[in-house]
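Asks: With numbering that gives the first Met the number 0, letter number 171 in the first sequence gets 170, and the count goes up by one each step, no holes. Just so you know, even glycine gets a beta-carbon here, dropped at the ideal spot from N, CA and C.
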Amino acid sequence: MKSLTLFRNNLRKNDNPALFFSSVSNEIIPVYIYDDINIRKELGGASKYWLYHALKSLDISLENTLHYFKGNTIKILERLVTENDIKEINYEEPFLEDDIILHKKIVLAMQNKGVEVKTYNCTVLWKPYEILKNDGTPYKVFSPYYRKGCLKLKKPNKPLGQPNNLNCTKIEQTSIDDLNLLDKTPWHKKFENEWDISENAALKIFNEFIENSIYEYKIGRDFPAINKNSRLSPYIRFGLISVNKIWYMLENLNFDKNVEHYKSEIGWREFSYYLLYHFPFMAKDNLQKKFDNFNWDNNKQNFDAWKKGETGFPIVDAGMKELWQTGYMHNRIRMVVASFLVKNLLIDWRLGEAWFWDCLFDADYASNIAGWQWTAGTGADAAPYFRIFNPILQGQKFDSEGKYTTKYIPELSNIPLKNLQEPTEFSDKLNYPKPIINYKLSRDRSLKKYEEIK
DNA sequence: TTTTGAGTTGTTCGA
DNA sequence: GTCGAACAACTCAAA
């Protein structure tokens, strides 16, 4: 029998339930469809670059049998199953709104063709609809969700390993270039030595993290100049490694607060998918409705300065330059730049979300939205409104030697350490912008505005 | 139904 | 320089 395995956000061979359980079929036709019709928003530029390389890598591990199509998933599947006598489609279970809507259309269309559609959870440790409070409603606070909801409910599925007797077939010639994932201007050249985009690389990075860094993770994760984070997020985003694989590799380690902390960060990703599943409107609107009346400033000049890393606040600018140069930003610094945009500049979290979406390799539909709403105080389990990061203090505290700051802003290399986070106070003849706002005034303005909403 | 305790990541001020 | 309190009340979760 012929079956079609549809790859979407889990671009791997190892521990891929959709592929694993397809492999009992005689013949598998592996397909990736870049659907630019059944989506709410297009992938960002960085994501497309990552996707391009992830697909190429997957194609190689499937012995060059992966098919690439661009367009409407329904139309493409209808043609493929008809022309090739395919009886079964296997793919990942959808948990995000757009994917669920598409899934329903696929099932309907395939029913009409007499094709069975089977889905498998490839994406999360706990399915969002399985975790509910005793009263049957979803959690809105992370800690009880994670501790009482997830951890107490059941163990996540064990990873499946490599599929057996994989018999993939090429039925037509297609080219990845037809997906138009790479821009013509070679702006992405700068990433080529920065990231090794493959399933093997993901596993290697995670192994090295376990070997070298995990027992210093809980504290070390806050310091951008030292390499104590796993930097696995873009691999997880595109499913080059499964969260189940990660989870069970960690389970094999001795119980340790650092290991538990890393697991809880996986838990935060789960929580983001959970929130978007139960409250899909939060993709566009504030989870807390009272913020719908919030009057954002949205000053274009300020927003542009933030994007370019020209705010005059070194730790913010270093972060924004890291993002632009590497397609990644350290977690601590993400909070600093996001707090700065939303609270000090009073710019709508949706604008920040959109910029991250475009620039981050790990731009994840759920995590990005949930994270920005958390920072803005509009989301679940929100930060208290008076929690405003002071970029000068944060820089001094978490980049006390200035290594991170000067890595991305070399113009500041000769500034004495104690002046590094306020360089224009030290000298006004620098090749570096003056602060676009007065920190203290912007803080007071923000507190006032948030007080009106509370 | 009512009550109780708790809630990712901070900053500032004044003693 | 260090330390604790204030910042704010509300919503959520569970007994």
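Please list, in chain order, all residues of the same chain as Asp177 whose beta carbon is under 7 Å from its beta carbon, the five residues on each side excluded.
Replies: These residues qualify, in order along the chain: Tyr67, Lys69.
Asks: Can you name the start and end residues of the alpha helix (DSSP H) that Leu5 belongs to?
Replies: That residue, Leu5, is in no alpha helix (DSSP H); its beta strand (DSSP E) goes 1 to 6.
Asks: Can you tell me where the beta strand (DSSP E) with Ile346 in it begins and where it stops?
Replies: Per DSSP, Ile346 belongs to no beta strand (DSSP E) and is neither H nor E.
Asks: What residue does the alpha helix (DSSP H) around Phe425 start on, and which one ends it?
Replies: It spans 422 to 425 - the alpha helix (DSSP H) in which Phe425 sits, taken as one unbroken run.
Asks: Can you give me the start and stop residues for the beta strand (DSSP E) that Phe68 sits inside?
Replies: Element bounds for Phe68: 66 to 69.
Asks: Could you give the uninterrupted runs of the alpha helix (DSSP H) lying entirely in the segment 4 to 72, keeping only those of 4 residues or more?
Replies: Runs of the alpha helix (DSSP H) inside the segment 4 to 72: 16 to 21, 44 to 60.
Asks: Tell me the rounded alpha-carbon separation between Asp291 and Lys283.
Replies: Those two C-alpha atoms are separated by around 11 Å.
Asks: Here's the rule: buried if 16 or more other CB atoms are within 10 angstroms of the residue's CB, otherwise exposed. What is Glu455?
Replies: Coverage of the chain is limited to positions 0 through 453, which leaves residue 455 absent and any answer about it impossible.
Asks: Please work out which residues of its chain come closer than 6 Å, Cβ to Cβ, to Gly318, disregarding the five sequence neighbours upstream and downstream, and give them in chain order.
Replies: So the list reads Met328, Ile332, Val336, once near-sequence residues are dropped.
Asks: Does the segment 378 to 391 touch the segment 356 to 363, meaning 3 or more C-beta pairs lie closer than 8 Å?
Replies: No, the segment 356 to 363 does not touch the segment 378 to 391.
Asks: If you measure between the beta carbons of Asp316 and Thr325, is that distance less than 7 Å?
Replies: Going by C-beta atoms, Asp316 is not nearer than 7 Å to Thr325.
Asks: Quick one: is Leu440 buried, meaning 16 or more other Cβ sit within 10 Å of its Cβ, or exposed?
Replies: The residue is exposed, with fewer than 16 neighbouring Cβ atoms inside 10 Å.
Asks: Could you pull the start and end residues of the beta strand (DSSP E) that Thr118 belongs to?
Replies: Start and end: 115 to 119.
Asks: Is the beta carbon of Asn301 closer than 7 Å to that of Leu344?
Replies: Contact flag set, yes.
Asks: Only counting the same chain, and skipping five residues up and downstream in sequence, which positions put a Cβ closer than 7 Å to that of Pro127?
Replies: Only Phe94, Tyr272, Tyr273, Tyr276, His277 meet the Cβ criterion.
Asks: What are the boundary residues of the alpha helix (DSSP H) that includes Ile314?
Replies: Ile314 -> alpha helix (DSSP H) spans 313 to 325.
Asks: Give the secondary structure of Asn532 by DSSP, where H, G and I count as helix, E and B as strand, and everything else as coil.
Replies: A question about residue 532 goes unanswered here, because the residues of the chain that appear run from 0 up to 453.
Asks: Return the Cβ separation of Leu54 and Leu42 in integer angstroms, given the expectation that the two are a contact with Cβ distance under 8 Å.
Replies: That pair is no contact at about 12 Å.
Asks: Determine contact between the segment 112 to 124 and the segment 228 to 247, defined as no fewer than three beta-carbon pairs at a distance below 8 Å.
Replies: The answer is yes - the segment 228 to 247 touches the segment 112 to 124, with three or more Cβ pairs under 8 Å.
Asks: Does the distance from the C-beta atom of Ile105 to that of Val116 stay below 7 Å?
Replies: Their beta carbons are under 7 Å apart, which means Ile105 touches Val116 by this criterion.
Asks: In angstroms, rounded to a whole number, what distance separates the CA positions of Glu62 and Gln420?
Replies: Answer to the nearest angstrom: the Cα atoms are 52 Å apart.
Asks: Should Ser412 be labelled buried (16 or more other beta-carbon atoms within 10 Å of its own) or exposed?
Replies: Exposed, because fewer than 16 other Cβ atoms sit within 10 Å of the Cβ of Ser412.
Asks: Mapping DSSP to helix, strand and coil, what is Tyr384?
Replies: Three-state result, Tyr384: coil.
Asks: Rounded to the nearest angstrom, what separates Leu3 and Glu198 at their Cα positions?
Replies: In a straight line, the C-alpha of Leu3 is about 21 Å away from that of Glu198.
Asks: Please go through the segment 66 to 153 and give each complete alpha helix (DSSP H) segment of 4 or more residues, from N-terminal end onward.
Replies: Counting whole runs of 4 or more residues, the segment 66 to 153 contains the alpha helix (DSSP H) stretches 72 to 83, 96 to 111.
Asks: Since Cys167 sits in a beta bridge, which residues does DSSP pair it with?
Replies: Partner(s): Ile27.
Asks: DSSP three-state label for Pro279, please.
Replies: Three-state result, Pro279: helix.
Asks: Which residue from Lys157, Pro415, Asn228 puts its Cα closest to that of Glu264?
Replies: Here the closest residue by C-alpha is Asn228.
Asks: How many angstroms separate the CA atom of Lys320 from the CA atom of Ile408?
Replies: When rounded, the distance between both Cα atoms is 8 Å.
Asks: Short check: CB of Ala224 to CB of Lys402, under 7 Å?
Replies: Closer than 7 Å, so yes.
Asks: Rounded to the nearest angstrom, what separates Ser232 and Pro143 at their Cα positions?
Replies: One C-alpha to the other measures close to 24 Å.
Asks: What's the C-alpha gap between Asn475 and Ile175?
Replies: The shown model of the chain, from 0 to 453, leaves out residue 475, and the question about it has no answer.
Asks: If distances are taken between C-alpha atoms only, which option among Lys183, Tyr449, Thr405 comes closest to Ile314?
Replies: Taking only the C-alpha atoms, the option nearest Ile314 is Thr405.
Asks: Take every Cβ of the segment 73 to 92, pair it with every Cβ of the segment 176 to 194, and state whether three or more of those distances are shorter than 8 Å.
Replies: The answer is no - the segment 176 to 194 does not touch the segment 73 to 92, with fewer than three Cβ pairs under 8 Å.
Asks: So, helix, strand or coil for Lys447, using DSSP?
Replies: In this structure, Lys447 counts as helix in the three-state DSSP scheme.
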